[in-house]
Amino acid sequence: MNLSGPTIPGIVWAYRCHGEERSCTRLPPDATHDQIMLPFDGFVWLHLSLADQRVPAFLESLGTVPADVVAALTTHETHASITLDEQKIYGTLVDFQREFDSETRDIGWLHYAVVDRMIITTRLQPLRSIDRVRASLEKNPGRCRQPIDIFELIVIEFQRTLISLVMELTEELNQIEDIVYDVDARDERRRLAPVRRTIVRLHRHLRTILTLMRRASASDDDEMPPGFDDTASRLMARLESVDYDVYALQERARLLHEEIDSKLSSETNRHLYILSLMTAFLLPPSLVTGFFGMNTSDLPFAHGVGGTTLAFGFIVLSVLCAWWILRRARIL
5 MNLSGPTIPG IVWAYRCHGE ERSCTRLPPD ATHDQIMLPF DGFVWLHLSL
55 ADQRVPAFLE SLGTVPADVV AALTTHETHA SITLDEQKIY GTLVDFQREF
105 DSETRDIGWL HYAVVDRMII TTRLQPLRSI DRVRASLEKN PGRCRQPIDI
155 FELIVIEFQR TLISLVMELT EELNQIEDIV YDVDARDERR RLAPVRRTIV
205 RLHRHLRTIL TLMRRASASD DDEMPPGFDD TASRLMARLE SVDYDVYALQ
255 ERARLLHEEI DSKLSSETNR HLYILSLMTA FLLPPSLVTG FFGMNTSDLP
305 FAHGVGGTTL AFGFIVLSVL CAWWILRRAR IL
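Under the numbering used here, the letters of the sequence shown match residues 5 to 336, in that order.
Laid out in structure tokens, this is it:
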């Protein structure tokens, strides 16, 4: 199969960035293999869709992408990773899926590789942050002088997406909190559960990326691509600030859940208290009616006038006695 002539399979977009000129050129959708491999002063950003089954064969045909990097770019594994090897960096980053007309909170995965004068990114579903990176590159192409700058932009846009999500989740928690601490409390656990699940997932993936970034920044200098050390320091500072906000949000959601459970427990205890009092008040009259309801001989008031009235009086007296006993025991 000849892959040098036809268009690049699965291409979403491709840019040729000229570092010294501080400019970038977007290649047409029908760009070919030869167009991205032409010699020039700069680097290429190639973004591909894994929905096209020909992408693995195309990456292998480039010749400059090692087999382990091709495997990382075409994997369907769902966990973050950052690998440094002989001045190459590749792996998987977390992002959020994007529909054609809306943005979602569903987790997506972006595979990336910085190899020589090229950065390659692949994804299966449309992603939110990567589109913002493209828009940022077109608006200010001079900020990206080397492939690692694109990688930094990707993580920065992911951090900004996290900030917007934190603000959305904070507003949802504010609404739930107003209801929970209202006089007439309602059970908001069903509404709180998806918010807590989203926050927990954000915190888990964010901590994973931070750990991977720290591990990568501790690698030997000859393993890092040019500029990665400074990039990692800046990215870790950004991610740690967001991680603090996400952790605070997680604690707030946990406390809200505990408050809801506490109020529901108090309400249940109040109902049980009322039920116990009703049982205590109704037990003596039940004994009275049970006594007069026995079909035995020589029952009091069985003959004569006013027996029912006297029995009713005993019932009232028994209720008063029960109330007096409960008051003496400081139950009421």
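By construction, the Cβ of each residue, glycine as well, lies at the ideal position given by its N, Cα and C atoms. Every value quoted in this text rests on a predicted model; they were computed, and no experiment measured them.
Reference residue i; option with closest CA among the options
i	options	result
Leu324	Gly310, Val309 and Leu287	Leu287
Gln101	Glu90, Lys92, Trp113 and Gly95	Trp113
Gly294	Phe316, Arg58 and Val309	Phe316
Ile124	Thr96, Gly146 and Thr82	Thr96
Asp120	Gly67, Phe285, Asp247 and Arg201	Gly67
Val16	Gly297, Leu131, Asn299 and Ile152	Leu131
Phe232	Asp247, Thr108 and Ile154	Ile154
Met228	Glu263, Thr87, Phe285 and Thr108	Thr87
Ile167	Val250, Glu255 and Thr312	Val250
Val73	Ala284, Leu128, Ile93 and Arg147	Ile93
Arg40	Ile12, Gln179, Ala197 and Arg258	In the sequence as presented, Arg is not what sits at residue 40; that position holds Ile. Ranking Ile12, Gln179, Ala197 and Arg258 by Cα distance to Ile40 puts Ile12 first.
Arg20	Asn273, Arg149, Leu314 and Gly297	Arg149
Gly91	Asp226, Glu181 and Tyr116	In the sequence on display, residue 91 carries Gln and not Gly. Comparing Cα-Cα distances from Gln91 to each of Asp226, Glu181 and Tyr116, the minimum goes to Asp226.
Leu281	His209, Leu141, Arg334 and Ser53	Arg334
His83	Pro304, His307 and His115	His115
Gln179	Ala257, Tyr248 and His209	Ala257
Leu54	Glu81, Ala197 and Gly46	Glu81
Leu330	Val320, Asn299, Ser223 and Ala284	Ala284
Asp247	Val118, Arg208, Thr300 and His22	Arg208
Arg109	Glu271, Ser322 and Arg201	Arg201
Ser223	Glu142, Asp89, Arg332 and Ser140	Asp89
Ile38	Leu52, Phe62 and His22	What sits at residue 38 in the sequence shown is Asp, not Ile. That would be Phe62, whose Cα lies nearest to the Cα of Asp38.
Ser237	Asp34, Glu156 and Ser85	Glu156
N- and C-terminal bounds of the alpha helix (DSSP H) containing residue i
i	result
Tyr251	Phe232 to Phe296
Gly317	Gly311 to Arg332
Val137	Arg132 to Lys143
Ser65	Val59 to Ser65
Ser27	Element bounds for Ser27: not the alpha helix (DSSP H) but the beta strand (DSSP E), Ser27 to Arg30.
Ile93	Not the alpha helix (DSSP H): Ile93 falls in the beta strand (DSSP E), residues Lys92 to Arg102.
Ser221	Arg193 to Ser221
His37	His37 to Met41
Check whether residue i and residue j have beta carbons under 8 angstroms apart
i	j	result
Ala76	Val48	no
Glu176	Val159	no
Glu172	Val184	no
Arg26	Pro145	yes
Gly169	Leu206	The identity of residue 169 in the sequence shown is Leu, whereas the question assumes Gly. Yes, Cβ-Cβ distance for Leu169 and Leu206 is below 8 angstroms.
Thr235	Ile152	yes
Ser10	Thr36	The amino acid occupying residue 10 in the given sequence is Pro; Ser does not appear at that position. Against a cut-off of 8 angstroms, the Cβ pair of Thr36 and Pro10 comes out as a contact.
Leu31	Met122	no
Leu196	His275	no
Phe162	Asp265	no
Asp56	Gly14	yes
Nearest-angstrom beta carbon gap, residue j and residue i [assumed within contact, 8 angstroms]
i	j	result
Leu78	Thr126	For the record, residue 78 in the displayed sequence is Thr; it is not Leu. Correct: roughly 7 angstroms between the Cβ atoms.
Ile203	Gln129	Not quite, the Cβ-Cβ distance comes to about 22 angstroms (not below 8 angstroms), so this is no contact.
Ile297	Phe305	The displayed chain sequence assigns Gly, not Ile, to residue 297. No, Gly297 and Phe305 are not in contact; Cβ-Cβ is about 13 angstroms, not under 8 angstroms.
First through last residue of the beta strand (DSSP E) which encompasses residue i
i	result
Thr126	Met122 to Arg127
Arg20	Ile15 to His22
Val119	Glu107 to Val119
Leu77	Premise fails: Leu77 lies in the alpha helix (DSSP H), Ala71 to Thr78, not in any beta strand (DSSP E).
Asp89	Ser85 to Asp89
Ile183	No beta strand (DSSP E) holds Ile183; the alpha helix (DSSP H) holding it covers Pro151 to Val184.
His51	Phe47 to Ser53
Cβ-heavy atom distance, residue i to the ligand ZN, below 7 angstroms
i	result
Ile111	Within the structure as shown, the ligand ZN is missing, as the structure has no ligands at all.
| task | Could you say if the stretch 136-145 and the stretch 215-225 meet the contact criterion of at least three C-beta pairs nearer than 8 angstroms? | result | no
| query | Do the stretch 199-213 and the stretch 241-255 meet, that is, are 3 or more Cβ pairs less than 8 angstroms apart? | reply | Contact between the stretch 199-213 and the stretch 241-255 is present, because at least three Cβ pairs lie under 8 angstroms.
| query | Between the stretch 326-334 and the stretch 280-296, do three or more beta carbon pairs fall short of 8 angstroms? | reply | yes
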